[in-house]
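Protein chains: 2
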Amino acid sequence: MEAIHPQTIALIRKLESIAHLTPEETAALQRLPLHLKTVAADQDIVSEGDTASECCLIVAGFACRYNITAAGKRQILSFHISGDIADLQSLHLTVMDHSLGALIPCKLAFIQHDDLRALMRAHPRLGDLFWRDTLIDAAVFRQWVVNVGRRPALTRMAHLLCELLVRLRAVELVEDHAFDLPVTQADLADAMGLSNVHVNRVSQELRKLGLIAFQGKTLRVLDWEGLKTTGEFDPTYLHLAKKDAL
Amino acid sequence: MEAIHPQTIALIRKLESIAHLTPEETAALQRLPLHLKTVAADQDIVSEGDTASECCLIVAGFACRYNITAAGKRQILSFHISGDIADLQSLHLTVMDHSLGALIPCKLAFIQHDDLRALMRAHPRLGDLFWRDTLIDAAVFRQWVVNVGRRPALTRMAHLLCELLVRLRAVELVEDHAFDLPVTQADLADAMGLSNVHVNRVSQELRKLGLIAFQGKTLRVLDWEGLKTTGEFDPTYLHLAKKDAL
DNA sequence: CGGTGATTTGACAATATTCAAATTCGGTGG
DNA sequence: CCACCGAATTTGAATATTGTCAAATCACCG
């Protein structure tokens, strides 16, 4: 009998945010064999060009996928939080076309592709759910294309913060409209396709508008409706199952 | 016995570009029930907010997925060509978070979700292949984030043209480094997050550099190596099975 | 406290946008 | 076959947004 892994709690919470799980499915997820690991801040978890035979579940921390252009500029492609399998696509695209890096120290749990495949064979609905998860991933990429391509800097930043709040709330990491945002303005700049200087100015403006406030590394949303309006934010693209309090 | 549908040739060619198909799989694809339809230029095929129960195979033409921002600006998210199932994601994300529109008159073949599900049940490898296809879709979105977020306009346009050439060549729509590009500069602008005026200037520069030439609506790549270099183009992210002549 | 990294500020430059008008292209009808 | 029409492309000038560089201040951690 395999052990029950407490690290899967985050994963189960995440999957429950996008679909319903049966007790059998939950139990099967809890029995997934895991290889635990911690990585320091600014370390690559998987690098562009690598051939993957396992997927990386973020148990705790804050990670991102990114690419470096020929000109040496970094573009962050997505942020990943507790419960995310950040490189689920490696199941069918074994060579990495981007890197996965830790933005702060992270607790990780690696799952062998073979174990995932066995799980999906035994529980086809979980297979569909994992597929759905990668499709939501893609929906987020699409919104980022819109954000970076067509929204001015202030709107862009508001939108990104809205997305983070909703995603973090889905896995119960938001309390009273406040959450940990343990990244630098330079990281945010690389996510939004802006310079760090400009992010700083836009961040100040969001604060002057009374929409947000920083208390150290925790971000408090002071005016959720205002932030959503400023960010033109519509959470449909996150395809959450529980649509409460959006 | 179901009929064999010639419209599936494009789909089969496309799928063969990203994986190998067995004769049985090919035969099963050819028997897929199709609803044929044609749409005029600038018509929506599926609109944001719609609930989908079928997927749209592009048999011929040129389509795009797009979003309109609150400020009324359009961001094109992807271009779709012969052989693409442009909204395969609707299989697991039934409400559309973006629209699918025809850029020129298109021949379409709609496939019911139920028929696709039956096909995948009978041929699990095809299920994996469709999943893989949506993952490549996501990989393209990621590259577009990089393109729009971190590459200057000239590089951005070169990269987009490289991508189109490689994708079109994979379905045998490129002859002698030339292909049909039946879209306006305004369409390209909306794909790259630029203004139409700037696209015009950048297009002129690519021509002055001797990298490309237009003959009406057909684009001829005069210097493929140069265009790849200018566009910082690495086709890995397209995850093609046949890597010849990249 | 001291030092390192993050944030903030200011001045200036570069890139891209907007607006408006001119030109070219492609198709259509006389 | 040519004239004409609307759409697409091209051009120019002025403007806006964002980037770059450099320095100053702030904040956290040992």
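Just so you know, the sequences run in chain order A and B.
Read left to right, the first sequence gives residues 1 to 246 (the UniProt record's numbering).
Read left to right, the second sequence gives residues 1 to 246 (the UniProt record's numbering).
Built from N, CA and C at the ideal position, the CB exists for glycine as well.
Check, Outcome
"Taking Cβ-Cβ distances below 7 Å as the criterion, which residues of the segment 11-26 of chain B are in contact with chain A?", "none"
"Out of curiosity, what's the CA-to-CA distance linking B/Gln-75 and B/Ala-189?", "9 Å"
"Leaving aside the five residues before and after A/Lys-242 along the sequence, list all residues of the same chain whose C-beta is less than 7 Å from its C-beta, in chain order.", "Ser-17"
"In angstroms, rounded to a whole number, what distance separates the CA positions of A/Ala-118 and A/Ile-9?", "20 Å"
"How far does the beta strand (DSSP E) with B/His-35 in it reach, from first residue to last?", "35-39"
"Compute the Euclidean distance between the alpha carbons of A/Leu-172 and B/Lys-37, then round it to the nearest angstrom.", "Note that residue 172 of chain A is Glu in the sequence shown here, rather than Leu. So the two alpha carbons sit approximately 46 Å from each other."
"If we call anything under 8 Å between Cβ atoms a contact, is A/Thr-218 one with A/Leu-181?", "yes"
"In chain B, what lies closer than 7 Å to A/Ala-138 by C-beta?", "Gln-89, Thr-134, Asp-137, Ala-138 and Phe-141"
"I think B/Cys-64 touches B/Leu-103, with their Cβ atoms under 8 Å apart; what is that distance to the nearest whole Å?", "6 Å"
"Would you check if the distance between the CB atom of A/Val-202 and the CB atom of A/Leu-154 is smaller than 8 Å?", "yes"
"When you check each C-beta in the UniProt domain \"HTH crp-type\" (151-225) of chain A against every C-beta of chain B, which residues fall closer than 9 Å?", "Arg-151, Pro-152, Thr-155, Asp-190, Ala-191, Met-192, Gly-193 and Leu-194"
"Quick one: using the 10 Å Cβ neighbour count with 16 as the cut-off for buried, is B/Gln-215 buried or exposed?", "exposed"
"Between B/Ala-86 and chain A, is the shortest Cβ-Cβ distance under 8 Å, so that the two count as touching?", "no"
"Taking DSSP as the reference, what is the three-state secondary structure of A/Ala-60?", "strand"
"Could you tell me the alpha carbon to alpha carbon distance between A/His-20 and B/Val-199, rounded to whole angstroms?", "46 Å"
"Tell me, please, which residues DSSP counts as bridged to A/Glu-54.", "A/Gln-112"
"Based on DSSP bridge pairs, tell me the residues matched to B/Asn-67.", "B/Gln-75"
"Enumerated in chain order, which unbroken segments of the beta strand (DSSP E) with a length of 3 residues or greater are wholly contained in the UniProt domain \"HTH crp-type\" (151-225) of chain A?", "178-180, 212-215 and 218-221"
"Taking any Cβ of chain A, which residues in the segment 112-133 of chain B have a Cβ under 7 Å from it, in chain order?", "Asp-128, Trp-131 and Arg-132"
"For the beta strand (DSSP E) containing B/Leu-100, name the first residue and the last one.", "99-102"
"For a contact meaning CB atoms closer than 8 Å, what does A/Val-46 contact in chain B?", "By Cβ distance, chain B contributes nothing, its closest Cβ being about 14 Å from A/Val-46, past 8 Å."
"Can you give the Cα-Cα distance for B/His-177 and A/Leu-57, rounded to whole angstroms?", "43 Å"
"Strictly below 8 Å CB to CB, what residues from chain B border A/Val-95?", "Thr-236 and His-239"
"Restricting to Cα atoms, I'd like to know which of A/Asp-115, A/His-92, A/Ile-12 and A/Thr-230 is closest to A/Glu-25.", "A/Ile-12"
"Specify the secondary structure class of A/Ile-81 as computed by DSSP and reduced to three states.", "coil"
"Can you pull out the residues from the segment 55-85 of chain B whose beta carbon lies closer than 7 Å to at least one beta carbon of chain A?", "Asn-67, Thr-69, Ala-70, Lys-73, Gln-75 and Leu-77"
"For B/Ile-45, which of helix, strand or coil comes out of DSSP?", "strand"
"Which term fits B/Ile-35, buried or exposed, when burial requires 16 or more other beta carbons within 10 angstroms of its beta carbon?", "Strictly speaking, residue 35 of chain B in this sequence is His, with Ile absent from that position. So B/His-35 ends up on the exposed side."
"Near B/Trp-224, what residues of its chain come up, given a Cβ to Cβ distance below 7 Å and the 5 sequence neighbours on each side ignored?", "His-177"
"At least one CB of chain B closer than 8 Å to the CB of A/Gly-149: is that the case?", "yes"
"Considering only their Cβ atoms, is the gap separating A/Asp-137 from B/Ala-60 smaller than 8 Å?", "no"
"Does the segment 39-46 of chain B come into contact with the segment 93-111 of chain B, if we say contact requires no fewer than three beta-carbon pairs (one atom in each stretch) closer than 8 Å?", "yes"
"I'd like the span of the alpha helix (DSSP H) that includes A/Glu-25, first residue to last.", "23-30"
"According to DSSP, is A/Lys-228 part of a helix, a strand, or is it coil?", "helix"
"State buried or exposed for A/Val-146, treating a residue as buried only when at least 16 other CB atoms are found within 10 Å of its CB.", "buried"
"Less than 8 Å between the CB atoms is what I'm expecting for residue 315 of chain B and A/Arg-132, so what's the real figure, rounded?", "It is not possible to answer for residue 315 of chain B, since the shown part of chain B is limited to 1 through 246."
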